Structure formats: C-alpha cells, structure tokens
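Enquirer: Handing you this structure, nothing more for now.
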Amino acid sequence: QVLATRPDIFPPQWIAEFSRLQDQVPPVPFEELLPELEKILGKSPFEAFLNLQREAAAGASIAQVHLAELQDGTPVVLKVRRPDIRPRIDADLRLLQHLGRLMESEIPEARRFHPEKIISQFSKSLNRELDLAMEGRNTDRFARNFKDNADIVFARVHWEYTSESLLVMEQIKGIPGNHIEQLRTEGYDLKLLAVRGADTILKMVLMDGFFHADPHPGNVFYLPENRIAIIDCGMVGRISVERRDQIADLLAALVAKDIDALRDILLVWAGDACIDEHKLGADVDELIFNYENVP
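Residue 423 is where the sequence shown starts when you use our numbering, and the numbers rise one by one after that.
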C-alpha cells in the first residue's frame, strides 16, 4: 500500500500492481464470515440488516467491506475482520523482528536507523489496526476535530453493532482518490481539492497532533461541492507538542531560506548520530536552491 504511492521509485506497471493491495485484495467467501458475525450480533446478520450483500464491495489486508442497510433503510458498510488474521500477522511480525535483529547485528550501517525499534513501532500500530472498535474511536475523534469544517467528511459509526472484529459505518459514496479523469469530467476543482487535502493534513499534524497514517488513494473519496471524505482510520499517528513546534519551525525556515535554522532542527532529529554539520548545511542549501523557484 505504501509503495503504491511512490512512482518516483517504481515503474508504472509496478505501481498499478501495488495499488491493487489498497482495496482489491481477494475477499474471503461470505460463508466463512458468517459464524463470527452471528457470534458478534447474537443473531443472523440477515436479521440484523436489510439487503446485506454477500459479495465484498472492497477488500484489504485485514478486513473486507460488505454493503447493507439498517432496519430503517439507512445505507451502511460492514467492515469485517478476516477470520484467523491475527495468528497470521503474529507469525509475520515474528519474522520481521528476527530480520530486524539480523540487520542490527550483521549490517553496521543499518544500526543508526534502529530497525528493531521501527519494527516494534510497526507491530504496535498493526495490532491497534486489528481492533476495529479502535478504528471506530479514531474515526469519531477525527470527526470531532473537523466538526467545524463541512468540507472534510468522516463516516458516522454505528456503535450498537460495532466490536473488535466488526465495524458498522455510514456508507459514503464518492469518486475514489485516484480517478482523476473522472473528477475532471464531472467538473471538480482539482486545485481546490489539493488545497483542502493539504490543509487537512497540516491541521492533523500541526494543530491536532493526531493524524491519519495511511492516506493512500483507496482511503480517500471526493464528494459533490469539492468535499473530501477520508475512511479507514485504523492506522493513526500522534505527535508531541514539541515535535509539532519543530515541524512548524522547519517549514518556516524552508520558506525563509534560513539554512542555519533548518540545519539545527535536523541535527536535533538526528539524535546522537555523528553528523558533518558543514556538509549538512551545504546539502540543505543546495536543496533549497534547487526548489526555491519551482511553482
């Protein structure tokens, strides 16, 4: 999913294949989900919901989505965790942890990147993502943070049906994030969408300190009136007030072309690594020179 957003690294045919992992992972047959759904709901899901579709509307690595309606006809999506996904992920994480230890012991150049710590953080994040109730709470928190901005939309969570392995949310219908030609055809303002998207990320990072950590195109929809809907809030990040201030200072230094201020912030972030400060300053100066007049 992450690599699909990096056309600067991979050729188009690789990007197209990686993109399928965003929402086109082969689904689990609905019959395999039924026992867990009945256990969660205390009855058949066909009794709890109207027009429940057996065919998955989307499928990702941890869960898949099925469309349905509440008893009053409200369209909803059921995000159902894949059966037996936890032991598979636990096995993968053990392999990653072993790989991290090997890297630190066998590749001295890798030690400054702390692969074991990175994998440990990834493990915590992935285990949080397995809890669909946590995703519901994250979604509610984002909705509260953007309650005064009608242009940014998060789905309403139906808590009466939601649990660790089932998330029931308002159904959002829009144009997927990577259907750019469709946006043009239907008259959307692409520049306005870009500004609103950038403002949303900046607010999350610099003002709220709580951000969506998986913003690939499969998790973004564009709605009429150039509104933006963001889904799949299972993976989030938090930023301390100190680090938010540093990021703001970094951006201000970039705009002001203040080489010394930029270098000082980067040195703080580098920790105890051995850095050639003069060379770092020269590299920062070159970076700004290359991009300062780019529109």
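C-beta: ideal position from N, C-alpha, C; glycine also. Remember, predicted model here, so these are calculated numbers, not experimental data.
Consult DSSP for Ile602 and reduce its assignment to one of helix, strand or coil.
Expert: As a position in the sequence shown, residue 602 is number 180, starting the count at 1. Here Ile602 sits in helix by DSSP.
Enquirer: Write down the C-beta distance between Arg685 and Val706 rounded to the nearest angstrom, noting that I regard them as a contact closer than 8 Å.
Expert: Translated into the one-based positions of the sequence shown, residue 685 becomes position 263. Translated into the one-based positions of the sequence shown, residue 706 becomes position 284. Indeed they touch by this definition, with Cβ atoms about 6 Å apart.
Enquirer: Quick check: the Cα distance between Gly640 and Ala577, rounded to an integer number of angstroms?
Expert: Counting from 1 along the sequence shown, the entry for residue 640 is found at position 218. Counting from 1 along the sequence shown, the entry for residue 577 is found at position 155. Gly640 and Ala577: Cα-Cα distance of roughly 15 Å.
Enquirer: Who are His488's beta bridge partners in DSSP?
Expert: The residue given as residue 488 occupies position 66 in the sequence shown. Paired residues: Leu500.
Enquirer: Give me the Cβ distance between Val579 and Leu645, rounded to the nearest whole Å; I'm assuming they're in contact under 8 Å.
Expert: Mapped onto the sequence shown, residue 579 falls at position 157. Mapped onto the sequence shown, residue 645 falls at position 223. Wrong, their Cβ atoms sit about 18 Å apart, outside the cutoff.
Enquirer: Any chance you could list the alpha helix (DSSP H) runs of at least 4 consecutive residues sitting entirely within the stretch 526–578, in chain order?
Expert: Listed in chain order, the alpha helix (DSSP H) elements of length 4 or more contained wholly in the stretch 526–578 are 537–551, 554–567.
Enquirer: For Arg428, write down the residues that DSSP places opposite it in a beta bridge.
Expert: For this step, residue 428 is matched to residue 6 along the sequence shown. In the DSSP output, where bridge partners are listed per residue, Arg428 has none listed.
Enquirer: Whole angstroms is fine: what's the gap from Ile661's alpha carbon to Gln668's?
Expert: To locate residue 661, count along the sequence shown from 1; it is residue 239. To locate residue 668, count along the sequence shown from 1; it is residue 246. Approximately 11 Å, taken between the alpha carbons.
Enquirer: Considering only C-alpha positions, which residue in the set Phe643, Phe568, Pro637, Leu492 is nearest to Met629?
Expert: Taking the sequence shown and counting its residues from 1, one reaches residue 629 at position 207. Checked all of Phe643, Phe568, Pro637, Leu492; the closest Cα to Met629 is Phe568.
Enquirer: Tell me which same chain residues have a C-beta within less than 8 Å of the C-beta of Glu608, skipping the five on either side of it?
Expert: Locating residue 608 in the sequence shown gives position 186, counting from the first residue. Result list for Glu608: Ile597, in chain order.
Enquirer: Output needed for Gln446: all residues of its chain with C-beta closer than 7 Å, excluding positions within five of it in sequence on either side, in chain order.
Expert: Residue mapping note: residue 446 aligns to position 24 of the sequence shown, counting from 1. Gly481, listed in sequence order.
Enquirer: According to DSSP, is Ser441 part of a helix, a strand, or is it coil?
Expert: Position 19 of the sequence shown, counting from 1, holds the residue named residue 441. Ser441: helix per DSSP, three-state reduction.
Enquirer: Would you tell me roughly how many angstroms separate the C-alpha atoms of Arg442 and Pro433, rounded to the nearest one?
Expert: If you number the sequence shown from 1, residue 442 lands on position 20. If you number the sequence shown from 1, residue 433 lands on position 11. Cα to Cα, Arg442 sits roughly 15 Å from Pro433.
Enquirer: Should Asp694 go down as buried or exposed, given a rule of 16 or more other Cβ atoms within 10 Å for buried?
Expert: If you number the sequence shown from 1, residue 694 lands on position 272. It is exposed - the Cβ of Asp694 has fewer than 16 other Cβ atoms within 10 Å.
Enquirer: If you measure between the beta carbons of Pro509 and Glu526, is that distance less than 7 Å?
Expert: Here residue 509 refers to the residue found at position 87 of the sequence shown. Here residue 526 refers to the residue found at position 104 of the sequence shown. No.
Enquirer: Which residue or residues does DSSP assign as beta-bridge partners of Phe643?
Expert: Residue numbering aside, residue 643 sits at position 221 when the sequence shown is read from its first letter. Residue pairing for Phe643: DSSP places it in a beta bridge opposite Pro598, Ala651.
Enquirer: Spatial neighbours of Ala670 within its chain, please: C-beta separation below 6 Å, excluding the five flanking residues on both sides.
Expert: On the sequence shown, residue 670 is found 248 positions in, with the first residue counted as 1. Cβ within range, chain order: Leu628.
Enquirer: Tell me the residue span of the beta strand (DSSP E) that contains Leu588.
Expert: Stepping through the sequence shown from its first residue, residue 588 is reached at position 166. 588–592 is the span of the beta strand (DSSP E), which, as asked, contains Leu588.
Enquirer: Quick one: what's got a C-beta closer than 7 Å to Cys655's C-beta in the same chain, skipping five residues either side?
Expert: Here the question's residue 655 lines up with position 233 in the sequence shown. Cβ within range, chain order: Glu557, Asn560, Thr561, Phe564, His634.
Enquirer: Check the C-beta distance from Gln486 over to Leu472 and give it rounded, since I have them as a contact under 8 Å.
Expert: Taking the sequence shown and counting its residues from 1, the one referred to as residue 486 is at position 64. Taking the sequence shown and counting its residues from 1, the one referred to as residue 472 is at position 50. Contact doesn't hold; Cβ gap of about 20 Å is too wide.
Enquirer: In the DSSP output, what is Gly659 paired with across the bridge?
Expert: For the purposes of this step, residue 659 is taken as residue 237 along the sequence shown, with counting starting at 1. Under the DSSP definition of a beta bridge, Gly659 partners with Phe633.
Enquirer: Could you have a look at Leu472 and say whether DSSP puts it in helix, strand or coil?
Expert: Your numbering for residue 472 matches position 50 in the sequence shown. Look at Leu472 here: in three-state DSSP terms it is strand.
Enquirer: Leaving out five residues on either side along the sequence, give the residues of the same chain with a beta carbon under 8 Å from the beta carbon of Leu518.
Expert: Sequence index remark: in the sequence shown, residue 518 carries index 96 (1-based). So the list reads Ile541, Phe544, Ser545, once near-sequence residues are dropped.
Enquirer: Which same chain residues, not among the five before or five after Glu439, have their C-beta less than 8 Å away from its C-beta?
Expert: Sequence index remark: in the sequence shown, residue 439 carries index 17 (1-based). Nothing meets the Cβ criterion.
Enquirer: Can you name, in chain order, every residue of its own chain whose Cβ lies under 7 Å from the Cβ of Met626, other than the five neighbours on each side?
Expert: Residue mapping note: residue 626 aligns to position 204 of the sequence shown, counting from 1. So the list reads Phe632, Phe633, His634, once near-sequence residues are dropped.
Enquirer: Quick one: is Pro530 buried, meaning 16 or more other Cβ sit within 10 Å of its Cβ, or exposed?
Expert: One-based indexing of the sequence shown puts residue 530 at position 108. Pro530 is exposed by the Cβ-count criterion.
Enquirer: Which value, in whole angstroms, describes the spacing of the CA atoms of Trp745 and Pro497?
Expert: This structure does not reach residue 745, given that the chain is present from 423 up to 717, and the question cannot be answered.
Enquirer: Going straight from the alpha carbon of Asp506 to that of Val590, what length do you get?
Expert: Against the sequence shown, residue 506 aligns to sequence position 84. Against the sequence shown, residue 590 aligns to sequence position 168. C-alpha separation (whole angstroms): 20 Å.
Enquirer: How close, in whole Å, do the beta carbons of Ala555 and Glu592 come, if the pair is a contact with beta carbons under 8 Å?
Expert: On the sequence shown, residue 555 is found 133 positions in, with the first residue counted as 1. On the sequence shown, residue 592 is found 170 positions in, with the first residue counted as 1. Going by Cβ atoms, the distance from Ala555 to Glu592 rounds to 16 Å, so no, they are not a contact pair.
Enquirer: Tell me, to the nearest whole angstrom, how far the beta carbon of Ile615 is from that of Ile652; I am working on the premise that it is less than 8 Å.
Expert: Working through the sequence shown from its first residue, we reach residue 615 at position 193. Working through the sequence shown from its first residue, we reach residue 652 at position 230. Note that residue 615 is Leu in the sequence shown here, rather than Ile. At roughly 13 Å, the Cβ-Cβ gap does not stay under 8 Å, so Leu615 and Ile652 are not in contact.
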